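Below is one structure, written out as structure tokens, with a few remarks after it.
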Amino acid sequence: MRCTNNKNLCSKALLSGVKALSKADLQEQVEVNPERFHQRYGQTSAHPHTAPVKQHHESEKPQRLCEEVQTSRKKETERELSECVSMLESSLQSALSTILEEEMKAAFGELWLEIVYMKPPWSLDALLQCFRKHWIAVFGDIIRRSLISCVETLSSFVHSASGIPSGGQKW
66 MRCTNNKNLC SKALLSGVKA LSKADLQEQV EVNPERFHQR YGQTSAHPHT
116 APVKQHHESE KPQRLCEEVQ TSRKKETERE LSECVSMLES SLQSALSTIL
166 EEEMKAAFGE LWLEIVYMKP PWSLDALLQC FRKHWIAVFG DIIRRSLISC
216 VETLSSFVHS ASGIPSGGQK W
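Numbered according to our numbering, the sequence shown terminates at residue 236, and the numbering increases by one at each position without gaps.
Structure representation (structure tokens):
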């Protein structure tokens, strides 16, 4: 097969029994029916064994490239999600730490450090345990008791994210 945009060469090729296509004709045939095009023109008489292998590798390249792009995007998304969760946990830890300390001081004065379930500095998990332990005594008058379920949900999330089994412990 001959591919050229030269009309004279196309005419000579056709007269000589050689298939000839212009670039536009070639692109059209590939777009209309790529499978048929590869079956018809994929193998040349000069190199009968190289064309199918080349065709196979060429068809795998876009698929492999697509898979690599998807994998890369997935890793980037996971990294971004991990960063967001980390920032959320850090912000939550900072806010809850301030709230716990202020409310413990308001409830127990200077004795708060002796009464608090776990001493600062607190991890997010330790803070949530303190909130659960002191919920009624410290927060019962200022926050609805039913909101303890939010603290328990957060605690379950922190336990599952860190790999610590929650085991249904009661605080």
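Glycine is no exception: its CB is placed at the ideal position from the N, C-alpha and C atoms.
If you're wondering where the values come from, they're calculated on a predicted model, not measured in any experiment.
query: Cβ contact check for the segment 160 to 169 and the segment 180 to 191: 3 or more pairs under 8 Å; result: yes
query: L193 vs S214 beta-carbon contact at 8 Å; result: no
query: Residues bridged to C60 (per DSSP); result: Outside the modelled stretch of the chain, which goes from 66 to 236, sits residue 60, for which no answer is possible.
query: Distance between E100 and H112 (C-alpha atoms, nearest Å); result: Note that H112 has pLDDT 45, beneath the 50 cutoff, so the model's placement of it is unreliable and the number below is only indicative. If you take the alpha carbons of H112 and E100, they lie about 20 Å apart.
query: Any chain D beta carbon closer than 8 Å to I164; result: Any reference to chain D falls outside this structure, which holds one protein chain only.
query: Cα-Cα separation, L86 to C68; result: 5 Å
query: Reference S151; option with closest CA among N71, V223, K72; result: V223
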